[in-house]
Amino acid sequence: MLATNALFAFHFILFDLSVLCAALGQDNNEDDDDLSLKIRRISSGIVRGRQIPISYAGGGNAFLFAAVPYARAPSANLRFQPPQPPEPWGGVRDATERGPSCWWNTS
1 MLATNALFAF HFILFDLSVL CAALGQDNNE DDDDLSLKIR RISSGIVRGR
51 QIPISYAGGG NAFLFAAVPY ARAPSANLRF QPPQPPEPWG GVRDATERGP
101 SCWWNTS
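Per the UniProt record's numbering, the very first residue in the sequence shown carries number 1; after that it's consecutive.
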């Protein structure tokens, strides 16, 4: 019983610390227009996102990075194979708008 209580206390403290670290890491300056906050480097290149408002979970803002490729297109010899990393790109890729939706037949 003592081991169960100690394990529960450990997980509770670990959760509290993770919430505290997340809260301390947030950018609370909503008027900050620094573009470096919206540009991130990922394994395939550099992407530029945008800040969007959140209307749930207490509100606030989040960064949107849309239409960022996560894998190569599954065509030709890549069809039915595990995903392959996307081709790297040069410069800054605009990820501020969502890409085209998947086509589907509505009839």
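Ideal placement from N, C-alpha and C gives every residue a C-beta, glycine not left out.
Contact defined as beta carbons within less than 8 Å: I believe residue i pairs with residue j. What is the distance between those atoms, to the nearest angstrom?
{"i": "residue 83", "j": "residue 71", "result": "4 Å"}
{"i": "residue 97", "j": "residue 67", "result": "7 Å"}
Nearest to residue i by CA position, among the options, is which residue?
{"i": "residue 46", "options": "91, 77 and 64", "result": "91"}
{"i": "residue 86", "options": "43, 39 and 38", "result": "43"}
{"i": "residue 50", "options": "80, 69 and 38", "result": "38"}
Using only the alpha-carbon positions, how far apart do residue i and residue j sit?
{"i": "residue 95", "j": "residue 101", "result": "15 Å"}
{"i": "residue 73", "j": "residue 53", "result": "31 Å"}
{"i": "residue 64", "j": "residue 56", "result": "15 Å"}
{"i": "residue 75", "j": "residue 106", "result": "25 Å"}
{"i": "residue 25", "j": "residue 69", "result": "Bear in mind that the predicted position of residue 25 carries a pLDDT of just 48, short of 50, making it unreliable; the figure below should be weighed with that in mind. If you take the alpha carbons of residue 25 and residue 69, they lie about 27 Å apart."}
{"i": "residue 78", "j": "residue 93", "result": "24 Å"}
{"i": "residue 99", "j": "residue 80", "result": "23 Å"}
{"i": "residue 60", "j": "residue 104", "result": "34 Å"}
Query - Ordered list of beta strand (DSSP E) runs contained in the UniProt domain "Carboxylesterase type B" (39 to 105), each at least 3 residues - result: 39 to 42, 45 to 48, 50 to 53, 61 to 64 and 92 to 94
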